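First up is the structure itself, then whatever we jot down about it.
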Amino acid sequence: MPDEVNIDPTPNPPDLPEGAGASAPPESSAGPAEPGADAADEHIPTFEELGMFRKPDEDEAAEEGAAGADNKFPDLSGVAAAPAFAQRAEFQQLTPSAGTDSFHNNIDLLLDVKMPVAIELGRTELPIAELLTLGPGSVIELNKLAGEPVDLLVNSKIIARGEVVVVDENFGVRVTSLLSPEERIKSLAME
Numbered sequence: 357m358p359d360e361v362n363i364d365p366t367p368n369p370p371d372l373p374e375g376a377g378a379s380a381p382p383e384s385s386a387g388p389a390e391p392g393a394d395a396a397d398e399h400i401p402t403f404e405e406l407g408m409f410r411k412p413d414e415d416e417a418a419e420e421g422a423a424g425a426d427n428k429f430p431d432l433s434g435v436a437a438a439p440a441f442a443q444r445a446e447f448q449q450l451t452p453s454a455g456t457d458s459f460h461n462n463i464d465l466l467l468d469v470k471m472p473v474a475i476e477l478g479r480t481e482l483p484i485a486e487l488l489t490l491g492p493g494s495v496i497e498l499n500k501l502a503g504e505p506v507d508l509l510v511n512s513k514i515i516a517r518g519e520v521v522v523v524d525e526n527f528g529v530r531v532t533s534l535l536s537p538e539e540r541i542k543s544l545a546m547e
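Take 357 as the starting number for the sequence shown in this note's numbering and just add one per residue.
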């Protein structure tokens, strides 16, 4: 048998018989072999010698055929398994908290989140042919009357109504009413 070389310089695993593992090869880059070690001490066991991936005998083949020929896993009954350790998970005891305190603590986390705000003067629908004729100076009639409250939308949902005002040289909206939850639900159904 030609000299076999072990690539893994680790010592014998605890579940292998003494002498079944191998040390570094004699003249490898890891350095010279231990003094007094000869080629016979460096025998590397094969999978068949360890009882893994062995070919079944005729009797075993008949048993496997009866049990199901699709079993492609090696017989590991002779291999020692590593002990498994499990620990019980410990969790902090949950206690009921005052509703308003926890609500304010949770809402505080969201206070710096930016939301898109839009003001809607009105809406209308136009056929594509009319859209194609639009140009500078075109006037589009909306579904709201002049002076009627505008809608204040947050994240594309109506939450309030107000009136248009001028602040310095910019437009602004003075909130006149907040929508009730029922009105908000009704406005969602209309969209």
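Even for Gly, the Cβ is constructed at its ideal location relative to N, Cα and C. Model, not experiment: these values are computed from the prediction.
Checklist entry - Using the beta-carbon count (16 or more within 10 Å), is P537 buried or exposed? => result Mapped onto the sequence shown, residue 537 falls at position 181. By the neighbour-count rule (16 or more Cβ atoms within 10 Å), P537 is not buried but exposed.
Next on the checklist: Using DSSP's beta-bridge definition, name the partner residues of L509.
Outcome noted: Stepping through the sequence shown from its first residue, residue 509 is reached at position 153. Note: L509 sits in a beta bridge opposite A474, I514.
Checklist entry - Nearest-angstrom Cα distance between R444 and N461? => result Taking the sequence shown and counting its residues from 1, the one referred to as residue 444 is at position 88. Taking the sequence shown and counting its residues from 1, the one referred to as residue 461 is at position 105. Taking the straight line from one Cα to the other gives about 31 Å.
Checklist entry - Who are the near neighbours of P388 in its chain, counting only those whose CB is closer than 7 Å to its CB and skipping five residues on each side? => result On the sequence shown, position 32 is the one that residue 388 refers to. Interpretation of P388 is limited by its pLDDT of 48, a score under 50 that renders its predicted location unreliable; no figure is taken from the coordinates.
Checklist entry - What are the boundary residues of the alpha helix (DSSP H) that includes L488? => result Numbered from its first residue, the sequence shown carries residue 488 at position 132. It spans 484-488 - the alpha helix (DSSP H) in which L488 sits, taken as one unbroken run.
Checklist entry - Any chance the region 462-478 sits against the region 497-513, with 3 or more Cβ pairs inside 8 Å? => result Taking a cut-off of 8 Å on C-beta distances, the region 462-478 touches the region 497-513, as three or more cross pairs fall below it.
Item to check | 7 Å CB neighbourhood of V520 in its chain, flanking five on each side removed | outcome: Within the sequence shown, residue 520 is the residue found at index 164, counting from 1. Excluding residues within five positions, the ones whose Cβ falls inside 7 Å are V506, F527, V529.
Checklist entry - What number of angstroms, rounded off, separates the C-alpha of D468 from the C-alpha of E446? => result Working through the sequence shown from its first residue, we reach residue 468 at position 112. Working through the sequence shown from its first residue, we reach residue 446 at position 90. Going by the C-alpha atoms only, they are around 34 Å apart.
Item to check | Distance between beta carbons of S543 and R517, contact taken as under 8 Å | outcome: What you label residue 517 is simply residue 161 of the sequence shown in a count that begins at 1. What you label residue 543 is simply residue 187 of the sequence shown in a count that begins at 1. Going by Cβ atoms, the distance from R517 to S543 rounds to 11 Å, so no, they are not a contact pair.
Checklist entry - Where does S533 fall in DSSP's three states? => result What you label residue 533 is simply residue 177 of the sequence shown in a count that begins at 1. Strand at S533.
Checklist entry - Is N499 helix, strand or coil when you go by DSSP? => result Taking the sequence shown and counting its residues from 1, one reaches residue 499 at position 143. Coil.
Next on the checklist: Counting C-beta neighbours from all protein chains within 10 Å, is the total for I496 16 or more, i.e. buried, or is it exposed?
Outcome noted: Working through the sequence shown from its first residue, we reach residue 496 at position 140. Result: exposed.
Next on the checklist: Let's test the definition: count the other Cβ atoms within 10 Å of the Cβ of K484 and tell me whether it reaches 16, buried, or not, exposed.
Outcome noted: Counting from 1 along the sequence shown, the entry for residue 484 is found at position 128. Per the sequence shown, the amino acid found at residue 484 is Ile instead of Lys. Flag for I484 reads exposed.
Next on the checklist: Here's a check: name, in chain order, each residue in its chain whose Cβ is nearer than 7 Å to the Cβ of N499, leaving out the five neighbours to either side.
Outcome noted: Taking the sequence shown and counting its residues from 1, the one referred to as residue 499 is at position 143. G478, R479, T480, listed in sequence order.
Next on the checklist: Here's a check: name, in chain order, each residue in its chain whose Cβ is nearer than 6 Å to the Cβ of E405, leaving out the five neighbours to either side.
Outcome noted: Taking the sequence shown and counting its residues from 1, the one referred to as residue 405 is at position 49. Same-chain partners within the cutoff: there are none.
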